[in-house]
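For reference, the structure is listed below as structure tokens.
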Amino acid sequence: MFVFRSPVDWPDPSPEQMQKNFQRWMDWIQGMKARGQYLAGQPLEDAPGKVLRGPAKVTDGPFVEAKEIIGGFMLIKAQDFAEAVAIAKGCPFDTGGGQVVEVRQIRPLEM
Amino acid sequence: MTPATSDALALMSTQSSSPLFLLLVRDPVDGQPEPTPAQLEKLFAWFRDLKQRGHLVAVSPLHDSPGKILRGGRTPRVTDGPFVESKEIVGGYVIVTAKNLAQAVALAKRFPMFAAGRSLEVRRIDPLEDAAYPPI
């Protein structure tokens with residue numbers, strides 16, 4: 554699983570930059586699809602979410618308490634963890650820095 | 170993810186009319202004991218209840234073994250993570266369908282692991298395209 558994080562105060566890109574970024578992301582995703590590595594990916598709306606620390610402890614979040622916000626996630630298939638990290642290196646990181654990808658292994662769940 | 174888990178992926182359309190929400194489970198990094206068998210049984214009962222009521226789209230715990238953090242620029246720097254830099258670690262995720270954020274929060278309130286120090290971040294998913302999740 555890739556968890557995508559970016560700084561909360563990250564400036565919005567220009568429409569031209571946004572278009573360029575979008576194309577780089579689509580190229581990356583298409584490459585993973587072509588190699589059979591891509592399972593799922595979802596951007597998250599940056600509209601307000603909620604954080605629950607208990608049934609009665611619901612706060613607006615995650616913005617107030619974090620410097621980074623999770624902007625989306627992706628599930629990919631890899632032979633091992635090293636290959637997953639290699640795939641993550643292909644992410645079109647913003648050249649200004651700031652963008653973060655967290656790579657984690659999923660544990661199969663038996664229900 | 171092992172190759173075996175991808176053998177029978179549940180393909181689901183995220184273009185359906187019902188909004189999707191991500192419930193991101195956050196575990197404390199230090200000091201919390203492992204969940205007891207009784208707590209785990211409650212957790213699985215919650216999963217089954219969500220499934221029976223048609224809310225459960227996907228659920229996966231994450232390995233708490235070392236992950237990696239990649240930071241941009243042009244050449245990303247790779248570090249062990251996320252442990253070194255935060256008090257909480259993402260411990261897993263649940264994806265549910267709900268009419269709106271309020272209903273998603275209502276479902277999340279029944280998460281039985283708050284007492285074990287876990288918290289949940291509830292976020293609305295931006296529907297993108299068909300997605301293949303591990304089977305549940």
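Chains as they are written, first to last, in the working numbering: chain A, 554 to 664; chain B, 170 to 305. All C-beta atoms in this analysis are idealised placements derived from N, C-alpha and C, irrespective of residue type, glycine included. Since we're looking at a predicted model, the values are computed, not measured.
| Query | Result |
| --- | --- |
| ARG195(B) - containing beta strand (DSSP E), residue span | 189-197 |
| Under 9 Å from the C-beta of GLN583(A): neighbouring residues of chain B | None at all; the shortest Cβ gap to chain B is about 12 Å. |
| Through-space distance from LYS256(B) to SER288(B), alpha-carbon basis | 12 Å |
| Within chain A, partners of GLU290(B) - CB distance below 7 Å | GLY602, VAL604, GLY614 and PRO615 |
| The region 635-644 of chain A touching the region 225-233 of chain B, judged by at least three CB pairs closer than 8 Å | no |
| Coarse secondary structure for ARG217(B), derived from DSSP in three states | helix |
| Short Cβ contact (8 Å threshold) for LEU597(A) with ILE264(B) | no |
| CB contact check: GLU636(A) to chain B, cutoff 8 Å | no |
| Local conformation of ALA243(B) per DSSP, three classes | Residue identity check: residue 243(B) is Arg in the sequence provided, not Ala. Three-state DSSP puts ARG243(B) in coil, outside helix and strand. |
| For MET282(B), three-class secondary structure by DSSP | coil |
| 8 Å Cβ cutoff met for LYS237(B) and VAL638(A) | yes |
| Among ARG660(A), GLY602(A) and VAL561(A), nearest to ALA277(B) - alpha-carbon criterion | GLY602(A) |
| Which of helix, strand or coil DSSP assigns to GLY602(A) | strand |
| Helix, strand or coil at MET627(A) [DSSP, three-state] | strand |
| Rounded separation between GLN590(A) and ALA631(A) - CA only | 6 Å |
| 8 Å Cβ cutoff met for LEU191(B) and VAL653(A) | no |
| Terminal residues of the alpha helix (DSSP H) in which PRO568(A) lies | 568-587 |
| Sequence-distant residues of the same chain with beta carbon closer than 8 Å to ARG660(A), five excluded per side | none |
| 8 Å Cβ cutoff, PRO661(A) in contact with chain B | yes |
| Within-8 Å CB hit, GLN576(A) to chain B | no |
| GLN658(A) - containing alpha helix (DSSP H), residue span | GLN658(A) -> no alpha helix (DSSP H), and no H or E assigned at all. |
| Beta carbon proximity, MET170(B) to chain A, threshold 8 Å | Because the pLDDT at MET170(B) is just 34, under 50, the model does not fix this residue reliably, and the value given afterwards should be weighed accordingly. By this cut-off, MET170(B) is an interface position. |
| Test: ASP295(B) CB closer than 8 Å to a CB of chain A | yes |
| Whole-number beta carbon distance between LEU628(A) and ALA600(A), since they are thought to touch under 8 Å | No, ALA600(A) and LEU628(A) are not in contact; Cβ-Cβ is about 23 Å, not under 8 Å. |
| According to DSSP, residues forming a beta bridge with PHE557(A) | GLY625(A) and VAL654(A) |
| Partner residues on chain A for VAL228(B), Cβ-Cβ distance less than 7 Å | LEU662 |
| Buried or exposed (CB count within 10 angstroms, at least 16 for buried), MET554(A) | buried |
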